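Engineer: Those letters in the sequence shown? Residues 76 to 314, by the numbering used here. The beta carbon of each residue, even a glycine, is placed where N, CA and C say it ideally should be. On a predicted model such as this, the values are computed, not experimentally measured, just so you know. Below: one structure in structure tokens.
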Amino acid sequence: MSPVLFAVFMDVLIVRVRKCGVGCKLVDGFYGCLFYADDILLLSPSIKVVRLMLVICEQFALEFIVKFNASKSVAIGVGPCFNAKCAPSLTLCGTELKFVSIVKYLGVHMIAARVFKVSVEHIKVKFYRVFNYVYSRAKAANSEIIIVELMKAYCLPFLSYASEAVSLSRSNVQILNKCISRAVCKTFGISDSKLVQTMHEAVGLQDITILIERHRERFVDKLIANDEYRDILLCSSCL
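This is how it looks when you write it as structure tokens:
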């Protein structure tokens, strides 16, 4: 019951932020305050609005005896002025919030830049860590196909993580494809690029863009099967 009770308890804060009339909006929907478990993300079009939202959070904390971990709270800028200095600084419960170049939210690493960008370096690290473990355990079987199948089952899911929610840049796609290629090189002991591509096709390892597209299709299929989502689509089509 704890996740449900927490959601009910914190709903008061979401309602207050929404009613103040500030924060990011999409059409008529309010997206300025995102919650998942105990991770809170405030989205604002300006520094001035962020300050107002933080004041609401502080008032909520005092009234409902909630203690926000201000030492672990940070700010990040996205847009033409993403690297501009903020004066006065942003504060939460008396603690100044640091502006960082990269922030992690629900496993997605977002980068401070002129446009919205994400980093996949942590995904690359996880892929290699798991693949090296699989390779060290499976090489005794003396079967490259077993290693490839284990890689498909345990390593490739890392590369498509959160791809239904964010769009990857061309450079990010190249980084993820390089992960697969290096794994093939190590598995089969080859280095020639043409031979690596041939081996990709032979063992059924497709380009990461195809894997991501299939991942998104499965996600959309689940949404369409949801009655509430169908109702939303129906309402949107009637507007």
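(1) For residue 153, which beta-bridge partners are listed by DSSP?
(2) Taking the CB atoms as reference points, tell me whether residue 239 and residue 289 lie closer together than 7 Å.
(3) Among 81, 193, 169 and 208, which one has its Cα closest to the Cα of residue 112?
(4) Classify residue 251 as helix, strand or coil using the three-state DSSP reduction.
(5) Note down the Cα distance separating residue 204 from residue 118, rounded to an integer number of angstroms.
(6) Are the beta-carbon atoms belonging to residue 248 and residue 198 less than 7 Å from one another?
(7) Exposed or buried, what is residue 202 when buried is set at 16 or more other beta-carbons lying within 10 Å of its beta-carbon?
(8) Below 6 Å CB to CB, which residues in the same chain sit around residue 134 once its five sequence neighbours on both sides are set aside?
(9) Residue ranges of each alpha helix (DSSP H) run of no fewer than 4 residues wholly in the region 101-183, ordered along the chain?
(10) Would DSSP call residue 194 helix, strand or coil?
(11) Can you check which of these residues, 126, 189 and 297, is closest to residue 163 by C-alpha distance?
(12) Going straight from the alpha carbon of residue 314 to that of residue 101, what length do you get?
(13) How long is the line joining the alpha carbons of residue 265 and residue 185, rounded to whole angstroms?
(14) For residue 279, count the other beta carbons within 10 Å of its own beta carbon; 16 or more makes it buried, fewer makes it exposed. Which is it?
(15) Thinking just about the alpha-carbon of each residue, which of 232, 122 and 85 is nearest to the one in residue 109?
(16) Kindly confirm or deny that the region 144-154 and the region 162-178 touch, where touching means at least three C-beta pairs closer than 8 Å.
(17) Taking buried to mean at least 16 other C-beta atoms within 10 Å of its own C-beta, is residue 191 buried or exposed?
(18) How would you write the range of the alpha helix (DSSP H) that residue 229 sits in, first residue to last?
(19) Among the candidates 122, 76 and 168, whose CA atom is the shortest distance from the CA of residue 157?
(20) So, with DSSP's three-state summary, where would you put residue 86?
(21) When you compare the CB positions of residue 226 and residue 258, do they come within less than 7 Å of one another, or not?
(22) Less than 7 Å between the beta carbons of residue 168 and residue 143, yes or no?
Structural biologist: With the structure as the only source:
(1) Answer is 188.
(2) Contact: no.
(3) Its Cα nearest to that of residue 112, the residue 81 stands out among 81, 193, 169 and 208.
(4) Here residue 251 sits in helix by DSSP.
(5) If you take the alpha carbons of residue 204 and residue 118, they lie about 33 Å apart.
(6) Not a contact, by the Cβ cut-off of 7 Å.
(7) Label assigned to residue 202: buried.
(8) Beyond the five residues adjoining it in sequence on each side, residue 134 comes within less than 6 Å, by CB distance, of no other residue in the same chain.
(9) Complete alpha helix (DSSP H) runs here, min 4: 122-139.
(10) Collapsing the DSSP output to three states places residue 194 in a strand.
(11) Checking every option, the nearest Cα to that of residue 163 belongs to 126.
(12) Note that residue 314 scores a pLDDT of 48, beneath 50, so its modelled location is shaky and nothing firm can be said.
(13) Straight-line Cα distance between these residues: approximately 35 Å.
(14) By the 10 Å Cβ count, residue 279 comes out exposed.
(15) The shortest Cα separation from residue 109 among 232, 122 and 85 belongs to 85.
(16) With the cut-off at 8 Å, the region 144-154 and the region 162-178 touch.
(17) By the C-beta density criterion, residue 191 is exposed, having fewer than 16 other C-beta atoms within 10 angstroms.
(18) Run containing residue 229: 219-229, per the alpha helix (DSSP H) assignment.
(19) Nearest C-alpha to residue 157 among 122, 76 and 168: 122.
(20) In this structure, residue 86 counts as helix in the three-state DSSP scheme.
(21) Cβ distance < 7 Å, so residue 226 and residue 258 count as in contact.
(22) Their beta carbons are under 7 Å apart, which means residue 168 touches residue 143 by this criterion.
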